[in-house]
Amino acid sequence: MSVNDENVGLGRRGCLGLFLVGLAFVVLIFAGLIYIMTRPQDSEIEAGERAAIEACWKSAQATERSFTEESCQEMEKQFLRKFGHQP
1 MSVNDENVGL
11 GRRGCLGLFL
21 VGLAFVVLIF
31 AGLIYIMTRP
41 QDSEIEAGER
51 AAIEACWKSA
61 QATERSFTEE
71 SCQEMEKQFL
81 RKFGHQP
């Protein structure tokens, strides 16, 4: 075995290790996002999100921009999906 053959073997093992570390990182990120999205919501969080939606609609009425109104509608959809009732 020559020196070049040894370097090729080390390079492949290093690449595989780097790939596995990257894959583990991606899995960890997805697991964290799933945990955050599925954890139970309490009344304090619900009240805060309801207040944010109300503030959004107040700013939409003041500016009368369609983008702001679309954002408020999306916030209401997410609230309904998360808590099961309208804000």
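Going by the UniProt record's numbering, the first residue of the sequence shown is number 1, and it counts up by one from there. We put the beta carbon where it would ideally sit given N, CA and C, even for glycine. Note that the structure is predicted; figures quoted are calculated from it, not measured.
Cβ shell of residue i (< 8 Å), same chain only, five flanking positions each side left out
i	result
M1	Confidence is the limiting factor: at M1 the pLDDT is only 48, short of 50, which leaves the residue's position unreliable, though a coordinate-based value still follows. Nothing listed; no residue qualifies.
C56	T68, S71, C72, M75
S59	T68
Cβ-based burial, residue i [other Cβ within 10 Å; buried from 16]
i	result
C15	exposed
I29	exposed
Chain D within 8 Å of residue i, Cβ atoms only
i	result
Q41	Of the protein chains in this structure there is only one, and it is not chain D.
Beta-carbon gap between residue i and residue j smaller than 8 Å
i	j	result
E44	F83	no
Beta-carbon proximity list for residue i, same chain, < 7 Å, skipping 5 on both sides
i	result
residue 89	Residue 89 lies beyond the range of the chain shown here (1 to 87); nothing can be said about it.
V26	none
Cβ-heavy atom distance, residue i to the ligand ATP, below 7 Å
i	result
Q78	Of the ligands one can find in the structure shown there are none, so the ligand ATP has no counterpart to examine.
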